[in-house]
Amino acid sequence: MDSTSTTIITKKQSNHGRRLVLLPLPFQGHINPMLQLANILHSKAFSITILHTLFNSPNPTYYPHFTFLPIPGTANEHLSVFGAENVVSLLMYLNEDCMEQIKECLVRLMLEDEGVVCLITDAQWFATQKVADELKLPRIVHRTSSIASFHSYVAFPSFLETGYFQGFKNDDETKSRALVPGLESLKIKDFSKIFPSNPEASCKVLERMTQGTRLARAVIWNTFKELEELELETLNHGFPNPHFLIGPFHKYFVASSSSLFVQDQTSISWLDKHPPNSVLYVSFGSIAGVEESEFLEMAWGLANSKQPFLWVVRPGSIKGMKEHELFSDGALGKIIGERGYIVKWAPQQEVLAHPATCAFWTHNGWNSTLESICEGVPMICSPSFGDQLTTARYVGDVWKIGVVLENGFERGEIDCAIKRLMLEKEGLEMRNKVMNLKEKVNFCLKKGGSSYSSLEDLVGYILSF
Ligand code: UDX
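Position one of the sequence shown corresponds to residue 1 (the working numbering), numbered consecutively onward.
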């Protein structure tokens with residue numbers, strides 16, 4: 001969504017004169033945490049400028065307390081050619097072709113305001129490290145996903161190089177279940193699906209992202225120590241820069257206004273009609289898509305489970321199928337019957353916090369996973385690509401707060417997983433575990449808690465520049 005209003009730069013009050021420039025990646029799952037981080041830092045008396053692409057621009061009217069600075073040449077017509085499936089090419093374009101404009105924006109800003117102290121970018125804006133160095137502006141990286149998945153990204157290129165995946169086939173049961181050396185929480189079949197198309201190009205992006213993260217002054221994580229203490233310890237070996245674990249970001253403020261899509265509020269009135277712990281919420285985030293045949297398996301699995309469900313079917317998320325075709329012959333309605341309610345986009349945080357919500361069938365985007373943990377909702381995991389594979393494995397096998405669908409979309413397995421989670425003792429045990437994590441979240445954000453203290457440290461660190 002382009003916003004012409006973002007071309008207007010409005011100067012806002014500069015609290016104690018220190019301004020931070022935050023640069024999000026233009027995707028929903030990256031914009032949300034970056035703007036949440038901006039709110040957190042603003043609450044610590046920093047002035048905030050959001051430097052952003054015009055493509056998928058955040059809506060400045062929801063953030064009157066920030067200044068918005070659009071990067072020229074990044075409107076829809078420049079970037080939409082890449083499409084949602086070509087994220088790697090888009091990342092290369094952003095990092096190779098937008099640096100001059102970004103540098104000019106920063107120079108102009110620094111001339112206008114002497115208080116600019118730091119650039120905070122998404123880790124995937126790796127080329128900005130050079131720009132920041134040239135301007136002698138400290139750069140801090142914000143990594144929007146888990147530390148565990150970062151480890152898999154760091155390791156992926158060397159596994160590819162040594163031919164580890166060569167000859168691997170998903171139907172080779174023994175090898176597919178084998179654990180990845182050095183990353184024993186992962187199975188080789190997870191690892192091989194992280195970048196299913198064009199792994200070589202993906203590796204280039206990963207290597208540059210990793211290098212850019214290593215060179216940054218510090219890294220801010222949207223996670224919390226109690227969840228990823230071991231992963232943090234391992235990280236410290238290869239990345240000696242300071243790490244600030246201050247998440248979960250969305251718990252600091254009630255705000256979902258960075259949504260790029262309209263959230264259908266009837267989701268909540270529909271949930272209101274259901275008893276506590278009775279509904280399955282289904283959503284695969286803003287990018288992941290499924291084939292038509294997989295979508296039908298999902299519908300049958302949901303119907304056969306006989307549990308009520310709220311299903312987000314994002315327009316364009318069924319490959320090769322237009323929205324109107326979905327309902328045209330009434331076939332879907334016949335399968336799902338009265339138990340299901342379909343919306344295009346939901347107010348997800350409210351849905352997960354609703355008493356009627358019992359479980360979440362998710363693609364395990366990091367935001368969705370954290371949001372589920374924070375509301376004590378166990379998960380059914382259908383990871384699609386990238387960090388989602390690692391996160392799903394952690395949810396299922398390490399934290400034991402969900403069930404991973406091991407065979408893709410197969411109606412029998414789906415039906416069985418829903419029943420395991422919503423009706424059986426096993427589901428109750430997972431709910432208890434995730435409730436336990438929810439309590440830890442509440443504690444870590446309070447005075448003296450790990451995220452609270454880490455945020456204090458981060459503020460002190462930035463003030464030391
Ligand atoms: C992407 C990647 O896929 C993910 O793996 C990575 O960790 C971040 O970037 P996305 O796929 O969109 O993000 O998933 P996710 O990280 O879960 O973010 C989706 C966001 O959209 C969440 O904050 C969620 O609350 C919101 N959302 C989702 C809605 O508000 N309504 C919906 O109907 C669905």
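Ideal Cβ placement from N, Cα and C applies to all residues, glycine included.
Need the endpoints of the beta strand (DSSP E) that GLU184 sits in, please. 183-187 is the extent of the beta strand (DSSP E) around GLU184.
- Item | Limits of the alpha helix (DSSP H) - the one that PRO33 falls within | According to the DSSP assignment, PRO33 belongs to the alpha helix (DSSP H) that extends over 28-42.
Host alpha helix (DSSP H) of VAL87 (start-end):
Here the alpha helix (DSSP H) through VAL87 covers 87-97.
field: Among LEU326, ASN304, LYS306, nearest to ARG314 - alpha-carbon criterion
entry: Ranking LEU326, ASN304, LYS306 by Cα distance to ARG314 puts LEU326 first.
Exercise. Output the residue ranges of the alpha helix (DSSP H) runs that lie fully inside the region 250-282 and measure 4 residues or longer, sorted by chain position.
Key: Correct list: 266-272.
Q. How about SER293: is its C-beta nearer than 8 Å to some C-beta of chain C?
A. The chain inventory of the structure shown lacks chain C, comprising one protein chain alone.
If you reduce the DSSP assignment to three classes, tell me which class LEU245 lands in.
DSSP places LEU245 in strand when its eight states are reduced to three.
Output needed for VAL459: all residues of its chain with C-beta closer than 7 Å, excluding positions within five of it in sequence on either side, in chain order.
Excluding sequence neighbours, VAL459 sits near LYS44.
- Task: Measure the alpha-carbon distance for HIS30 versus GLU413 and round it to whole angstroms.
- Result: Counting only the Cα atoms, GLU413 lies some 31 Å from HIS30.
Any contact between the region 231-241 and the region 155-163? By contact I mean 3 or more CB pairs, one from each, below 8 Å. Result no; under three Cβ-Cβ pairs closer than 8 Å.
*asked:* Looking at the strands, I want to know which residues DSSP matches up with PHE497.
replied: Examination of residue 497 is not possible in this model, given that the chain is present from 1 through 465 alone.
**Study point:** Residue from PRO26, SER267, PHE244 whose Cα sits closest to the Cα of LEU352
**Key:** When PRO26, SER267, PHE244 are compared, the shortest CA-CA separation from LEU352 is found for SER267.
Check this for me: beta carbons of ARG393 and LYS187, under 8 Å apart or not? Yes, Cβ-Cβ distance for ARG393 and LYS187 is below 8 Å.
Notebook entry, point to check: If you count every other CB in all the chains shown that lies within 10 Å of the CB of LEU372, and 16 or more means buried, which is it?
Noted result: For the record, residue 372 in the displayed sequence is Ser; it is not Leu. SER372 comes out buried.
GLY337 classed as buried or exposed, judged by whether at least 16 other C-beta atoms fall within 10 angstroms: Exposed.
_Limits of the alpha helix (DSSP H) - the one that ASP133 falls within_ = For ASP133, the uninterrupted alpha helix (DSSP H) segment begins and ends at 128-134.
* Under three-state DSSP, which class holds TRP125? -> Coil at TRP125, not helix or strand.
- Item | C-alpha distance - THR74 paired with GLU104, whole-angstrom precision | Going from the Cα of THR74 to the Cα of GLU104 covers about 14 Å.
With distance defined between alpha-carbon atoms, name the residue in LEU296, ASP387, ASP133, PHE309 nearest to LEU215. Looking at LEU296, ASP387, ASP133, PHE309, the one whose alpha-carbon comes closest to that of LEU215 is ASP133.
**Asked** Assuming GLY285 and SER368 make a contact with CB atoms under 8 Å, what is their CB distance in whole Å?
**Response** The Cβ separation is near 6 Å, so the contact holds.
(message) Within 10 Å of its beta-carbon, does GLN13 have 16 or more other beta-carbons around it, so buried, or fewer, so exposed?
(response) Residue placement at GLN13 is flagged as unreliable, the pLDDT there being 42, under the threshold of 50; the coordinate-derived value follows with that caveat. Counting Cβ neighbours within 10 Å, GLN13 comes out exposed, since fewer than 16 surround it.
| said: Closest to GLU114 by C-alpha separation, out of HIS142, LEU106, THR121, would be which residue? | reply: With respect to the C-alpha of GLU114, the residue from HIS142, LEU106, THR121 having the closest C-alpha is LEU106.
Among ASP272, GLY365, SER305, the one whose alpha carbon lies nearest that of ALA288
The residue among ASP272, GLY365, SER305 with its C-alpha nearest the C-alpha of ALA288 is GLY365.
For a quick check, are the C-beta atoms of LEU23 and ASP97 less than 8 Å apart?
Between LEU23 and ASP97, the C-beta gap is not smaller than 8 Å, which leaves the two residues out of contact.
**Prompt:** Just to confirm, does VAL290 get its C-beta within under 7 Å of one of the non-hydrogen atoms of ligand 1?
**Reply:** Here the distance from the Cβ of VAL290 to the nearest heavy atom of ligand 1 is not below 7 Å.
**OP:** Would you decide whether THR174 is buried or exposed? Buried here means 16 or more other CB atoms lie within 10 Å of its CB.
**Re:** Burial call: exposed.
- Message: Using 8 Å as the cut-off, can you tell me whether the region 406-421 makes contact with the region 299-309, which would need three or more C-beta pairs spanning the two stretches below that distance?
- Response: Touching, per the Cβ criterion.
* Does the beta-carbon of SER192 have 16 or more other beta-carbons within 10 angstroms, so that it is buried, or is it exposed? -> Its Cβ being crowded by 16 or more others within 10 Å, SER192 is buried.
Nonlocal neighbours in the same chain, by C-beta distance under 7 Å from VAL279, ignoring five residues either side | Excluding its 5 nearest sequence neighbours in each direction, VAL279 has C-beta neighbours in its own chain below 7 Å: LEU271, PRO308, PHE309, LEU310, ALA356, THR357, CYS358, listed in chain order.
Which of helix, strand or coil DSSP assigns to THR391 = THR391: helix per DSSP, three-state reduction.
Using C-beta distances below 6 Å, list every residue in its chain close to LEU119, excluding the 5 sequence neighbours before and after it, in chain order. VAL21, ALA132, LEU137, ARG139.
Practice problem: Quick one: grab the DSSP three-state call for PRO70. | Solution: Strand.
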